[in-house]
Every structure is written in structure tokens, then in C-alpha cells.
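Novice:
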Amino acid sequence: LHGTSRCVIVQPAAHGFDNQVTLNGIATLGRERTRGVAVINPDITDVELQVLHEGGIRGIRFTLFNPETALTRFEWVTPLAHRVAELGWHVQVHWRADQIVTHEAILHALPGTVVFDHMARLPQPQAQHHAAFDIVVVGLGRRDVQMRAEDRLGEHRRRLAAIVRAARLDQQRIALDRKSTRLHSSH
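The sequence shown: position 2 = 54 (our numbering), numbered continuously.
1) Leaving out the 5 sequence neighbours to the left and right, which residues in its chain are closer than 6 Å to L75 when beta-carbon positions are compared?
2) Between T165 and H142, which are expected to be in contact by the criterion C-beta below 8 Å, what is the C-beta distance as a whole number of angstroms?
3) Which residue comes first and which comes last in the alpha helix (DSSP H) that contains A79?
4) Could you give the C-beta distance for I158 and I187, rounded to a whole number, given that I count them as a contact under 8 Å?
5) Where does R135 fall in DSSP's three states?
6) Candidates T154, Q180, I78, A149: which alpha carbon is nearest R173's?
7) In the structure shown, what three-state DSSP assignment does V91 receive?
8) Give me the Cα-Cα distance between F126 and P119, rounded to the nearest whole angstrom.
9) I'd like to confirm something about W141: is its beta-carbon nearer than 7 Å to some heavy atom of the ligand GTP, or not?
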């Protein structure tokens with residue numbers, strides 16, 4: 053990791069709910085500069101969550117793009133998100149774009165930061181025309197939304213990144229216009 057000052061280790065699916073490999077990686081690289089994302093289930097105790105937190109875990113991941121092989125379940129997302137929100141953790145979702153549309157209500161109800169893994173699996177090359185694009189980039193704009201694994205986009209990466217930036221700038225401009233309008237109408 054020459055030249056790397058910070059690092060995030062995401063729990064590999066092959067290790068299931070045993071987050072020890074991720075905790076070991078954090079310890080090896082140094083907790084002062086490394087954080088992790090765990091995979092948990094509803095049976096996890098508060099004590100176990102605290103051990104993960106002390107070990108450097110700062111998020112949980114729901115890999116559900118293929119429900120047949122998924123370790124986690126959609127019905128776990130909301131209750132587990134609320135439990136880890138108390139620790140200041142984020143929720144990372146690895147869902148297909150159609151699943152984001154289907155489960156939009158869940159996403160809106162989540163506390164804290166939502167991270168969309170693998171660029172929300174938006175279909176290429178017309179990502180900006182999929183209903184999930186508006187949910188990810190515009191609809192959840194009331195909180196911190198991040199997209200990860202841009203490298204999965206291949207040749208469409210730069211174009212989609214530019215579209216996302218433009219959509220976020222438009223969203224910020226709209227928010228400023230609304231704020232300005234409220235300020236002027238209150239005087």
C-alpha cells in the first residue's frame with residue numbers, strides 16, 4: 053500500500069458473517085488509517101457490535117443483487133441500519149438498479165449515509181435514463197450518498213461520473229434557490 057494514507061476493507065462474501073478476516077486486515081494495516089465494512093445478521097448482539105466498532109468497523113453491507121446467493125435479506129436492512137446508526141455507521145448496498153427502484157421506500161427511511169456499491173449497478177450506457185438514477189443521485193439527496201467501484205463501469209465510467217456531478221450540482225442549485233426563496237418570503 054505504498055502511498056496510501058487511508059483504506060477501507062469490505063467484508064468478502066466468502067467469509068459470510070465471520071468478520072474476523074476484515075478485523076485482522078484493519079489491525080494489520082493500522083486502525084488509525086483503516087476502517088472496515090462488515091456483514092451482519094439480526095442475531096448480532098450489542099456487545100458484538102461494540103467489538104466490531106472498536107476493531108474499526110464503520111459500516112454494514114447488504115449484497116442482495118442475486119437474492120438466491122445472498123447472505124442478507126431486504127427485510128434486515130431497516131432494523132440493522134437503525135441499530136448501527138447509533139454507532140455512526142453507514143449502510144452499503146450492493147443491489148441491482150431494478151432492486152433500488154423496487155425498494156426505494158426502504159432507502160428513504162434509512163438513517164445516515166447510504167453507499168451504493170458498484171455504482172448502483174446502473175445499466176450502461178444509458179444509466180441516466182433508468183429510474184434508479186434519479187433515486188440514487190437526486191431522490192436521496194437529503195443525505196450523504198456515495199457511489200463506489202467506478203472501475204466496474206469500464207468505458208462508460210467518465211461519462212456517468214460527469215452526469216452524476218452535473219445532477220448533484222443541479223440539486224445543490226435547487227436547494228439554494230429554495231433556501232433563498234424561504235429567506236426572502238419570511239421578510
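Virtual Cβ for every residue (Gly too), placed ideally from N, Cα, C. Since the model is a prediction, treat every value here as computed from it, not as a measurement.
Specialist: Working from what's here:
1) G107
2) 4 Å
3) 72-81
4) Not a contact, Cβ separation roughly 11 Å.
5) helix
6) A149
7) coil
8) 9 Å
9) You won't find the ligand GTP in this model; it holds no ligand whatsoever.
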